[in-house]
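Below is one structure, written out as structure tokens, with a few remarks after it.
There are 2 protein chains.
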Amino acid sequence: MALIVQKYGGTSVGSTERIQAVAEKVKRYHDEGNQIVVVVSAMSGKTNELIALAADITSRPSAREMDVLLSTGEQVTIALLTMALHKLGVDARSYTGGQVHIRTDSSHSKARIVDIHGDRVKADLDAGRVVVVAGFQGTDEHGNITTLGRGGSDTTAVAMAAALDADECQIFTDVDGVYTTDPRVEPNARKLDRITFEEMLELASSGSKVLQIRSVEFAGKYNVPLRVLSSFEEGEGTLITLEEEDMEKAKIAGIAFSRDEAKLTIRGVPDHPGVAYQILGPIGEANIEVDMIVQNIGKDGTTDFTFTIHRNDLDEAVGILQKTADEIGAREVEYDDKIVKIALVGVGMRSHAAIASNMFKALAKEQINIQMISTSEIKVSVVVEEKYLELGVRTLHEAFGLDQVET
Amino acid sequence: MALIVQKYGGTSVGSTERIQAVAEKVKRYHDEGNQIVVVVSAMSGKTNELIALAADITSRPSAREMDVLLSTGEQVTIALLTMALHKLGVDARSYTGGQVHIRTDSSHSKARIVDIHGDRVKADLDAGRVVVVAGFQGTDEHGNITTLGRGGSDTTAVAMAAALDADECQIFTDVDGVYTTDPRVEPNARKLDRITFEEMLELASSGSKVLQIRSVEFAGKYNVPLRVLSSFEEGEGTLITLEEEDMEKAKIAGIAFSRDEAKLTIRGVPDHPGVAYQILGPIGEANIEVDMIVQNIGKDGTTDFTFTIHRNDLDEAVGILQKTADEIGAREVEYDDKIVKIALVGVGMRSHAAIASNMFKALAKEQINIQMISTSEIKVSVVVEEKYLELGVRTLHEAFGLDQVET
């Protein structure tokens, strides 16, 4: 008998028919003798409907009141799913975030969970009940309703699993697991049976949006085994866990990429200490997130400084950088939004320095010019011209044998 | 400066436009220096929408889960109204029933309020805020969400007014006050400026559905001045209070009537103690509510027993009564659903025994035959043929001078 926390997202509970299908799935796990906690999102479309109501009234709704409004979406789902379970003869009970003491800070619309009391849920589980909990929401120390922000239901599920010391946290989505890369780009992409938290984090932050990053961080921190699997198909999905001995074999877990990048270069910057801060300070103040940063020292006592940002922020960033260039006496500002980022991710990289050079060699063989390189402990990212995205991903997928099943 | 609890029903908050109109009304009262608590219902149509979702899943939803589901309706309204108030520059805060400790018993879908802590609301009011509370809902001692049943928002408002020792509880509806009788039947019907709780209760129980009966009982019990007024028009409405000296002048407050009655008679019942229970016991067990009851002793040691019920229950009641008649050896069962009830209501009746006979005289003059009579301390009800409804109401309205303004 295992204690399992399952999370079903908005698409999985998008209609009363689908809610009944989820109830049947839950019943199956429950019938196998498992203790089940189900965390659900709002029915798909519901949240946008509520946002539209608020928009009818004001363009700047208070964050506190938005949380009161949006939290009703999940509350509807928990009641309906519990009714569907009852209809199948499964004893079940629904709870809002506040009712099971999902205590958060007071940052409305992007609250962080600070504590969960599992007592009430445990008592229900011990009485043989399935417990259905509203995702995405909690209450602060004053009892105000808070929400964790979009996608926060994943975090609720993981936090609940941690609080209950669950055996596994299962995230049901519309994909059947984590792949070595996006199958739409590389048809040979292979579903992974296992991956580490760190790899998953790097894949997610490089554009593979299977899970919300915060939920993976949370799972890693509390060592909650996390499984991604499909709401609609059968299968074991992908298990995300701590690094284990036998995982060493898989040097590379997968290839992530992002099409939303733009590159900015400021040339001929007088090279003195503090110049990086002078350049990036105003960018950060404008809430523009900077991803890769490369600085090349030139010959004439000046330096070239290049960084990447989200493509949507390009116009604003160019304006800021132009002003900075004038102030610090740099020569010119260049930008390029026809670039993409490709990243090779894997814990095996730690002990195999050769991986990066193999990566560069494979890309060179296809005449793909690398514009920027950035490395972290378990990731190597490169920026290349946009047109090389598919070719680059497929080349690396093959070069590192990612279509081969691990042996 | 007065502390006022205002309640706006589903029609008054039926769209985002109407919610904004309510916000403007609230702001006006607040600008006049009053402390305002607003209790709201779900937007009209919303509750039925939620019920339809549940019906999609099961024909017998658990009452606990229905309460979790339905309570989201009011939660949406409180958030939207608070946003609308913010937009008008009014400091405001929304609360669910649970958040302001509207503690109820555990009778899901028809819970009764057992306690309200006004502390949190008081603190907000003292800070100059308008407090917006979800009507119709509360939580039981275990924190489960409960609802008070349809129309329960009136009760929430009155209970909140009692807990806060408010100066007045204002119920905004789609009528502009309480009338001497239904203006659709008697065009000369006059809006009352004042009426007592007892009169209001008798009017309500005899078919004038301006307010939910329980909310009037509650207001009477805690002596909360209750005012009924229109959401859409200006005006003072009708104030419902305890009986006062100068109210003695108004002998009759109004005329109520009900078209939903049916009459059942069981004839030739052997007259012995306990026979009333033998007849009405099985009716009560079937959850059929009995209104007027009349027993006539016959000549031959038998008695005729007549009572009225809601017309919808007639078929079932006839079946039950037929069975009872056989068992107790009664002669026959008769029924008539072409009847109506007309009732004269007024605290003045207590001290004026002549009122009943004047009523019978006025009806006799119009050849209206009275089939049943029932009297209470402040009400005289008669059952007459259905076709005499309008004539009877108008005759009594004129006979008792109800179209004349009190002087």
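Chains A and B, in that order, give the protein sequences.
Those letters in the first sequence? Residues 1 to 407, by our numbering.
Those letters in the second sequence? Residues 408 to 814, by our numbering.
For each residue, glycine too, the CB sits at the ideal point set by N, CA and C.
_Here's the rule: buried if 16 or more other CB atoms are within 10 angstroms of the residue's CB, otherwise exposed. What is Leu1(A)?_
Reading the first sequence from its first residue, position 1 is the one you call residue 1(A). The question names Leu, but residue 1(A) in the sequence shown is Met. With fewer than 16 other Cβ atoms within 10 Å, it is exposed.
*Any beta-carbon of chain B closer than 9 Å to the one on Arg259(A)?*
Position 259 of the first sequence, counting from 1, holds the residue named residue 259(A). Cβ-Cβ to chain B under 9 Å: no for Arg259(A).
_Range of the contiguous alpha helix (DSSP H) that encloses Glu456(B)_ = Working through the second sequence from its first residue, we reach residue 456(B) at position 49. Lys453 to Ile464 is the span of the alpha helix (DSSP H), which, as asked, contains Glu456(B).
*asked:* By DSSP's criteria, Tyr742(B) is part of a beta bridge. Which residues make up the other side?
replied: To locate residue 742(B), count along the second sequence from 1; it is residue 335. For Tyr742(B), which the question treats as bridged, DSSP gives the partners Leu671(B).
*From which residue to which residue does the alpha helix (DSSP H) around Arg28(A) run?*
The count along the first sequence starts at 1 and reaches residue 28(A) at position 28. It spans Thr16 to Asp31 - the alpha helix (DSSP H) in which Arg28(A) sits, taken as one unbroken run.
_Rounding to the nearest angstrom, what Cα-Cα distance links Met200(A) and Arg184(A) in this structure?_
What you label residue 200(A) is simply residue 200 of the first sequence in a count that begins at 1. What you label residue 184(A) is simply residue 184 of the first sequence in a count that begins at 1. If I take the Cα positions, the gap works out to 19 Å.
*asked:* I'd like to know whether the C-beta atoms of Ser638(B) and Phe543(B) end up nearer to each other than 9 Å.
replied: For the purposes of this step, residue 638(B) is identified with residue 231 of the second sequence, where counting begins at 1. For the purposes of this step, residue 543(B) is identified with residue 136 of the second sequence, where counting begins at 1. In this structure, Phe543(B) does not lie closer than 9 Å to Ser638(B) by Cβ.
*asked:* At the level of alpha carbons, what is the spacing between Asn34(A) and Ala461(B)?
replied: In the first sequence, counting from the first residue as 1, residue 34(A) sits at position 34. In the second sequence, counting from the first residue as 1, residue 461(B) sits at position 54. For Asn34(A) and Ala461(B), the distance between alpha carbons rounds to 27 Å.
*Hey, is Asn369(A)'s beta-carbon within less than 9 Å of any beta-carbon in chain B?*
On the first sequence, residue 369(A) is found 369 positions in, with the first residue counted as 1. No, Asn369(A) lies away from the interface with chain B (no Cβ there is under 9 Å from its Cβ).
*asked:* Can you tell me which residues form a DSSP beta bridge with Met372(A)?
replied: Translated into positions along the first sequence, residue 372(A) becomes position 372. Paired residue(s): Val383(A).
*Grab the span of the alpha helix (DSSP H) containing Val800(B) for me, first residue to last.*
Counting from one through the second sequence, the residue named residue 800(B) turns up at place 393. Residues Leu796 to Ala806.
*My guess is that Val5(A) and Ile78(A) are in contact by the Cβ rule of under 8 Å, so how many angstroms apart are they, rounded?*
Locating residue 5(A) in the first sequence gives position 5, where the first residue counts as 1. Locating residue 78(A) in the first sequence gives position 78, where the first residue counts as 1. Actually they do not touch by this definition, with Cβ atoms about 14 Å apart.
*asked:* Whole angstroms are fine: how far does the CA of Ser622(B) sit from the CA of Ser764(B)?
replied: Your numbering for residue 764(B) matches position 357 in the second sequence. Your numbering for residue 622(B) matches position 215 in the second sequence. About 33 Å.
*Alpha carbon of Asp531(B) to alpha carbon of Arg129(A), nearest angstrom*: The residue labelled residue 531(B) in the question sits at position 124 within the second sequence. The residue labelled residue 129(A) in the question sits at position 129 within the first sequence. Roughly 39 Å separates the two Cα atoms.
*Express the C-alpha separation of Gly584(B) and Ala42(A) in angstroms, rounding to a whole number.*
Counting from 1 along the first sequence, the entry for residue 42(A) is found at position 42. Counting from 1 along the second sequence, the entry for residue 584(B) is found at position 177. If you draw a straight line from the Cα of Ala42(A) to the Cα of Gly584(B), it is about 41 Å long.
_Where Glu65(A) meets chain B, residues with beta-carbon distance less than 7 Å_ = Locating residue 65(A) in the first sequence gives position 65, counting from the first residue. Those are Ala486, Thr489, Met490 and Ser501, listed as they occur along chain B.
_So, under 8 Å CB-CB, Val294(A) and Thr306(A) are touching, yes? Tell me the CB distance rounded to an integer number of Å._
Here residue 294(A) refers to the residue found at position 294 of the first sequence. Here residue 306(A) refers to the residue found at position 306 of the first sequence. Right, the Cβ-Cβ distance comes to about 5 Å (below 8 Å), so this counts as a contact.
*Establish whether the CB of Thr672(B) and some CB of chain D are separated by less than 9 Å.*
Here the protein chains are A and B, and chain D is not one of them.
*Proximity test, Cβ basis, 9 Å: Leu148(A) and chain B*: For the purposes of this step, residue 148(A) is taken as the residue at position 148 of the first sequence. False, the Cβ-Cβ gap to chain B never drops below 9 Å.
*Measuring CB to CB, does Met160(A) end up less than 9 Å from Val114(A)?*
The count along the first sequence starts at 1 and reaches residue 160(A) at position 160. The count along the first sequence starts at 1 and reaches residue 114(A) at position 114. No Cβ-Cβ contact shorter than 9 Å links Met160(A) with Val114(A).
*asked:* At the level of alpha carbons, what is the spacing between Ile727(B) and Asp667(B)?
replied: As a first step, residue 727(B) must be located in the second sequence, where it is residue number 320. As a first step, residue 667(B) must be located in the second sequence, where it is residue number 260. C-alpha separation (whole angstroms): 20 Å.
*Leaving out five residues before and five after Glu248(A) in sequence, what residues of the same chain have Cβ atoms less than 7 Å from its Cβ?*
In the first sequence, residue 248(A) corresponds to position 248, counting from 1. Any reading at Glu248(A) needs caution, since the residue's pLDDT is 48, under 50, leaving its predicted position unreliable; the model's value is listed next. Cβ neighbours of Glu248(A) beyond the five flanking positions: Gly348.
*Can you list the residues of chain B that Asp105(A) reaches, using a CB-CB cut of under 7 Å?*
Here residue 105(A) corresponds to residue number 105 of the first sequence, with the count starting at 1. Under the 7 Å cutoff, chain B gives no residues; its nearest Cβ is about 18 Å from Asp105(A).
*For the putative contact between Ser109(A) and Ala63(A), defined by C-beta atoms under 8 Å, what is the C-beta separation to the nearest angstrom?*
The residue given as residue 109(A) occupies position 109 in the first sequence. The residue given as residue 63(A) occupies position 63 in the first sequence. With 8 Å as the limit, Ser109(A) and Ala63(A) qualify as a contact, their Cβ atoms being about 5 Å apart.
*In chain A, which residues lie with their C-beta within 7 Å of the C-beta of Lys434(B)?*
Position 27 of the second sequence holds residue 434(B). Those within 7 Å of Lys434(B) in chain A number zero; the least Cβ separation is about 14 Å.
*Under 6 Å Cβ to Cβ from Val382(A), same chain only, skipping five residues before and after it: list those, please.*
Walking along the first sequence from the start, residue 382(A) turns up at place 382. Excluding sequence neighbours, Val382(A) sits near Ile342, Ile370 and Ile373.
_Which residues in chain A have a C-beta closer than 8 Å to the C-beta of Gly542(B)? List them in chain order._
As a position in the second sequence, residue 542(B) is number 135, starting the count at 1. Result: empty, since nearest Cβ-Cβ is about 15 Å, beyond 8 Å.
_With three or more C-beta pairs closer than 8 Å as the rule, is the segment 393 to 402 of chain A touching the segment 273 to 280 of chain A?_
no
*For Ile328(A) and His272(A), the rounded distance between their alpha carbons*: In the first sequence, counting from the first residue as 1, residue 272(A) sits at position 272. In the first sequence, counting from the first residue as 1, residue 328(A) sits at position 328. Using only the alpha carbons, I get a separation of about 11 Å.
*Leaving out five residues on either side along the sequence, give the residues of the same chain with a beta carbon under 6 Å from the beta carbon of Ser422(B).*
The residue labelled residue 422(B) in the question sits at position 15 within the second sequence. Spatial neighbours of Ser422(B) in its own chain (CB-CB distance under 6 Å, excluding positions within 5 residues in sequence) are not present.
*Within the segment 679 to 709 of chain B, note down every full alpha helix (DSSP H) run reaching 4 residues or more, in order along the chain.*
682 to 692
_DSSP state of Ile443(B) mapped onto helix, strand, coil_ = By one-based count along the second sequence, residue 443(B) stands at place 36. Residue state, collapsed to three classes: strand.
*Compute the distance between the beta-carbons of Val445(B) and Val429(B), then report whether it is under 9 Å.*
Against the second sequence, residue 445(B) aligns to sequence position 38. Against the second sequence, residue 429(B) aligns to sequence position 22. Against a cut-off of 9 Å, the Cβ pair of Val429(B) and Val445(B) comes out as a contact.
*Taking Val68(A) as the query, report the chain B residues whose CB atoms sit under 7 Å from its CB, ordered along the chain.*
Numbered from 1 along the first sequence, position 68 holds the residue referred to as residue 68(A). Within 7 Å Cβ-Cβ: Gln482, Ile485, Ala486 and Ser501.
_Three-state secondary structure (DSSP) of Lys414(B)_ = Sequence index remark: in the second sequence, residue 414(B) carries index 7 (1-based). Strand.
_DSSP state of Arg467(B) mapped onto helix, strand, coil_ = Indexing the second sequence from 1 puts residue 467(B) at position 60. If DSSP states are grouped into helix, strand and coil, Arg467(B) belongs with coil.
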